[in-house]
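Structure record follows, encoded as structure tokens.
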Amino acid sequence: MPSKLAAPRGTQDIFPPQSGRWQELEARIHALARRYGYGEIRTPVFESTELFVRGVGETSDIVEKEMYTFQDKGDRSMTLRPEWTAPVVRAALQHGLFTQGPQRLYYLGPIFRYERPQAGRYRQSHQFGIECAGYEQPEADAEVISLAWDLLQAYKIAGVTLKINSIGDETCRPKYREALRAHFLPHRDSLSADSQRRLERNPLRVLDSKAAEDRELVASAPAFEDFLCAECRAHFDAVKRALDAGGIAYEVDSQIVRGLDYYTRTVFEFRSGALGAQNTICAGGRYDGLVGSLGGPDVPAVGFALGLERFLWAIESAGASEEARREGVQAIAIGAQALQELLPLVAALRHTSGWPIFIDYGDRKLLAQLKMADRNNARYALILGEQELAEGRIVLRDLVTRTDRPLPFGKDTLEALGEMRE
RNA sequence: GUGACUGUAGCUCAGCUGGUUAGAGCAUCGGCCUGUGGCGCCGAGGGUCGCGGGUUCGAACCCCGUCAGUCACCCCA
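Residue numbers for the first sequence follow our numbering, beginning at 158 and rising by one.
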């Protein structure tokens, strides 16, 4: 706290053991994506500002006030990635992926948004997401939702609900927009200031409002489901059927709209009741027009983004704090000579055993080093002191059962240790 | 961008209505202990009381400003 150099607002440093939980989640994500046939894409952390303005939408909150934008030395306007979909599409276009048939890609990494931080909201946060491009079929929507579902199920987080909706396409959305306008316009003056503005620019967004004065009007607003064109209705029905067939529990919620401009047809959110005000941990939908609007061919696509910070928070509040397993060996030398003798064994163990090998160079007493072993959560201690040195032995102490076992010290030690492994 | 609350040791916090050299627990280091641990006992180091200004004989405490943190709003992962 006295340090003047602190991490920037809304960012965080992650240490053990917390970093271990990140690694575990990330490993699970990579494995899951692989099982669904998705390959990882990595893109630059910053992009040309124009990409996000065009991709995310000029009137979206992200572009209007949340971007980390700067001029580089060549006087180009650059922006730290506030979301992944636009960069993924850009990269796929740049390298001609869309001429090579359907693409299944996933990403895992940081995003940046200039916002006031609060519980579950950061200026640098991390997202896992997937993009399934090249299929307009509802099976793709179901696949994407199913992958997210599997990840959430794997952690058995209670109180997570999946809400889905359809926000139509170019055919039916204008009609619905008009119906919404007709619904709200007579009561315009009783709406919140924000909603009045939204009514002008994008009436769909009024449904997003949580303002108390808007609640009643929003609840009584017409549902998009009643305005869907035949094609969109058929698509939505097929998505629901596929989810049913997959045993995925969902709830149709006509108020799910999503903040980004590029969504079409299916939109969905996973929310956790265990979190604070920011309770959406995963959200996504279909964006059939985005690739075309970024100058590419007419490629339909569907995807989601999942916030890792919120997901980890949900996992933790589910209370699954399991005891750290004891693992590895604390190599203990007593005295300078013993240390020199022990070092080659430490090196050999690090190369061959697969265990974490801990060692202290501080010339501490046995007792102190055993305490270190506890702190390191080591399973065994390998003790080499004067007596052992003189007798050509080394003591392997099981730190759980507290039993000692003398082993020959020398070239047989590794072999003897190998027998310890199950 | 707006609002509320908070800011004392590495961490968690105490510090009564402003009154001498600012405390505790945990953690760290050392000792008890020439070699058998998570416990115990003893001791040590570590603080511009977020920062700046003001009121006062005197401020960690009161006032103003500022910065930071937390939560909430808007909105979102």
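For glycine and all other residues, C-beta sits at the position ideal for the given N, C-alpha and C.
Cβ-Cβ distance between residue i and residue j below 7 Å
i	j	result
Ala-368	Ser-347	no
Val-414	Leu-364	yes
Gly-549	Ala-431	no
Ala-297	Val-459	yes
Thr-206	Pro-244	no
Val-396	Pro-267	no
Ala-471	Ile-314	yes
Thr-318	Arg-233	no
Ala-399	Ala-299	yes
Ala-290	Gln-251	no
Leu-499	Leu-527	no
Leu-523	Leu-539	no
Tyr-193	Leu-304	yes
Leu-451	Gly-212	yes
Leu-465	Leu-308	no
Ile-171	Trp-306	no
Val-456	Phe-269	no
Ile-198	Phe-285	no
Phe-583	Tyr-333	The requested residue 583 is not part of the displayed model; the chain covers only 158 to 579.
Cys-389	Arg-422	yes
Closest residue to residue i among the options (Cα-Cα distance)
i	options	result
Asp-383	Ile-324, Arg-355, Arg-428	Ile-324
Asp-218	Glu-204, Glu-197, Glu-240	Glu-240
Asn-534	Ala-440, Leu-465, Val-557	Val-557
Ile-491	Gly-519, Arg-482, Pro-274, Gln-353	Gly-519
Ala-391	Leu-524, Val-301, Arg-372, Cys-329	Cys-329
Ala-440	Ile-321, Arg-554, Asp-401	Ile-321
Leu-208	Ala-530, Ile-171, Thr-226, Ala-336	Thr-226
Val-375	Pro-360, Ala-406, Cys-386	Pro-360
Thr-437	Glu-221, Gly-277, Ile-186	Gly-277
Tyr-292	Gly-258, Ala-311, Tyr-264, Gln-412	Gly-258
Leu-502	Ile-551, Glu-473, Met-529	Ile-551
Ser-411	Asp-555, Asp-418, Leu-417, Leu-385	Leu-385
Ser-474	Gly-433, Ala-493, Ser-352	Gly-433
Asp-555	Asp-569, Lys-568, Tyr-537	Tyr-537
His-508	Ala-402, Glu-543, Gly-575	Gly-575
Cβ neighbour criterion (16 or more within 10 Å) applied to residue i
i	result
Ser-160	Annotation note: pLDDT 41 at Ser-160 (below 50); position unreliable, coordinate value reported separately. Ser-160 is exposed by the Cβ-count criterion.
Phe-341	buried
Arg-467	buried
Thr-216	exposed
His-283	buried
Gly-214	buried
Gly-426	Checking the displayed sequence, the identity of residue 426 turns out to be Glu instead of Gly. Buried, since its Cβ has 16 or more Cβ neighbours within 10 Å.
Thr-560	exposed
Glu-545	buried
Gly-453	buried
Ala-163	exposed
Ala-495	buried
Ser-352	buried
Arg-362	buried
Asp-229	exposed
Proximal residues to residue i (C-beta, below 7 Å), its chain only, five neighbours per side dropped
i	result
Thr-168	Tyr-279, Arg-280, Gln-281
Glu-288	Thr-242, Val-245, Leu-262, Ala-458, Gly-460
Ala-573	Leu-564, Pro-565
Tyr-420	Ile-324, Gly-442, Arg-443, Tyr-444
Arg-166	Pro-274, Arg-280
Glu-183	Leu-265
Close Cβ partners of residue i (< 6 Å) along its chain, the five nearest in sequence each way excluded
i	result
Phe-203	Met-235, Leu-237
Met-151	The first residue shown for the chain is 158 and the last is 579, placing residue 151 beyond what the model contains.
Leu-571	Ala-505
beta-carbon residue i near the ligand ADP non-hydrogen atom, thresh 6 Å
i	result
Ala-339	For the structure depicted, the ligand ADP is absent and the ligand set is empty, with no information on it obtainable.
Cβ-based neighbour list, residue i, same chain, cut-off 8 Å, excluding 5 preceding and 5 following
i	result
Val-210	Val-220
Gln-435	Gln-275, Ala-276, Gly-277, Arg-278, Arg-467
Would you call the stretch 512-527 and the stretch 482-497 touching, i.e. three or more CB-CB distances under 8 Å?
yes
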